[in-house]
Amino acid sequence: MTDPCLDTEGPDSLGFGGSTGHTRRHPPSYAGRRIGRYLLIEPLGAGSQAVVWRALQDQPVPRLVALKLLVPGRQLDPRSIARLHREAERGARLAHPALLPVEEFGRDEGAVFLAMPLVEGCALDEIIAQRRRRQQGRAASGGHWLAALPEADYDRALARVLARIARALQAAHEAQIAHRDIKAANILLEWGRAGRAYLIDFGVGRDLDVATAEQLRDGAGTPLYMPPEKLLGRPCDEISSDLYALGVTLFEAATLTRPFRVPEGMPRPLWGPYLAELRPPRPHTVRPGLPAALAAIIDRAMARDPQARYPSASALAEDLERFAQDGGDRRRPGAAHSGTPRAPGDAPRGPAALRPVEPDAALRARAPEGRRSPPPVPGRPADHDPALARWVRLGASQPA
């Protein structure tokens, strides 16, 4: 099976363009190069548009920073430059301890960059991989402390980490910014036990107050973390999509398993409708010892019906904080809470919102007021595409 966890920093015809981030690095000769007041030391990560470098800022005070630099093939592309500039502008509008400020946007001899504080730590996807290796008896020396915790302690620590991320996401939404690429790889944790967590990379973010109808269906992001309505290219509520993606991240971190995979050899154009057909396994069936309260949080965040999801990131944070405090002993999520709804007129969403939803009804994503989705095609995508139906049958016959 193919892992559809691929970065996309710009839409292609179906919104799944981009690279895995391991092949489009700057040449090794870039190490030691000076760009503005920064000296490049080593690459930390790469995507289809840019590479993030550890760099030394030598003035006014010497310190290490993270420098996001457009890859050579993008440094003359007006759209890529504009995208990085918008990311810098959004960074200047964000104010939360778990969001890294953009300190400078600039150009130097053709290089286009932005500078941010450097976090010395580990991405959540790496921590998940470390914990998986430990459970398989293949643990290497070192690693992040979170990966080595006993299950009960791990669950509560994980809830604290993602509650902090949800609070940061709420701050972004209140600033009218959607992240659109929330995933384990975009959450950084400092090394120490008191280390803080950060939500990074607003590279495909969107200004919610100026989104056009075309932008509402462009599909930028990472397919694995997209809700069904976005995978099908329908106009969607980006706030709800962010919350779904955070739910997928919680599923992955709690169970050490990604909820979706794609059959080997499936053509890219079929990924969206194929993934939209799938229903994730219930979290407790993947990890039988998972606390019921944490499983219920995951189920609600990942509801196929956008209206059954959490109404806001702060509401999700409240349930995670409650679980982190008492392990879910006192009450289950979904009861009345003080979370701020997404928009005026949103109905309260309590336990009744968790009822099973018919597939066709779930995919009739409710667009924000004034933006209506096109009429749904009767039946499911596989019912109308024989090629897709064959892949659906193949995927069902393969082991998870």
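Residue numbering for the sequence shown follows the working numbering, beginning at 1312 and increasing consecutively.
Glycine is no exception: its CB is placed at the ideal position from the N, C-alpha and C atoms.
None of these values were measured; they are calculated from a predicted model.
Secondary structure of D1419 (DSSP, three-state): strand.
In the pairwise beta carbon analysis, the stretch 1421-1436 is classified as touching the stretch 1390-1405: at least three pairs are separated by under 8 Å. In this structure, R1615 sits away from P1546, with a CB-CB distance that is not shorter than 7 Å. Under the three-state reduction of DSSP output, P1570 falls in the coil class, being neither helix nor strand.
When only Cα atoms are considered, T1533 and R1491 end up about 8 Å apart. Three or more beta-carbon pairs drawn from the stretch 1378-1391 and the stretch 1342-1358 are found closer than 8 Å, and the two stretches are therefore classed as touching. For Y1349, the enclosing beta strand (DSSP E) begins and ends at 1349-1357.
Straight-line measurement puts the Cα of L1460 at about 26 Å from the Cα of M1613. In the structure shown, F1424 falls within a strand segment according to DSSP collapsed to helix, strand and coil. For Q1368, the enclosing beta strand (DSSP E) stretches over residues 1361-1368.
DSSP places L1543 outside both helix and strand once states are collapsed to three, so it counts as coil. Annotated three-state conformation of D1520 is helix, per DSSP. Annotated three-state conformation of R1615 is coil, per DSSP. With three or more CB-CB distances shorter than 8 Å, the stretch 1619-1638 counts as touching the stretch 1465-1474.
Put simply, of T1566, G1583, L1567 the residue whose alpha carbon is nearest the alpha carbon of P1574 is G1583. V1597 sits in a helix when the DSSP states are folded into three classes. A Cβ-Cβ distance of about 6 Å is found for the pair A1409 and A1508, placing them in contact under the 8 Å criterion.
Annotation: A1587 to G1516 spans about 22 Å, alpha carbon to alpha carbon. The Cβ atoms of D1464 and L1605 lie no closer than 7 Å to each other.
Secondary structure note for V1376: its beta strand (DSSP E) is the uninterrupted segment 1374-1381. In the three-state reduction of the DSSP assignment, R1443 falls in the helix class, which pools H, G and I. Taking a 10 Å sphere around the C-beta of D1610, we find 16 or more other C-beta atoms and assign the residue as buried. Annotation for A1403: the continuous alpha helix (DSSP H) segment containing it runs 1389-1404.
For G1432, the beta-bridge partners assigned by DSSP are E1501.
When C-alpha distances from I1439 are compared across L1589, E1431, R1449, L1457, the shortest belongs to L1457. Taking C-alpha positions only, D1640 is separated from I1493 by approximately 29 Å. A residue is called buried once 16 or more other Cβ atoms fall within 10 Å of its Cβ, and D1637, having fewer, is exposed. Here the alpha carbons of A1489 and E1549 stand approximately 6 Å from one another.
Annotated three-state conformation of Y1465 is helix, per DSSP. In the three-state scheme derived from DSSP, where H, G and I count as helix and E and B as strand, R1491 is classed as coil.
Within the DSSP secondary-structure output, A1508 pairs in a beta bridge with L1500. Shortest Cα-Cα distance from I1511 to any of L1499, I1608, E1437 involves L1499. Residue pairing by DSSP puts L1410 in a beta bridge opposite L1510. Within its own chain, the residues whose Cβ lies closer than 8 Å to the Cβ of L1405, once the five positions on either side in sequence are excluded, are P1412, A1482, A1483, A1486, I1488, F1513, listed in chain order. Under the three-state reduction of DSSP, R1633 is assigned to helix.
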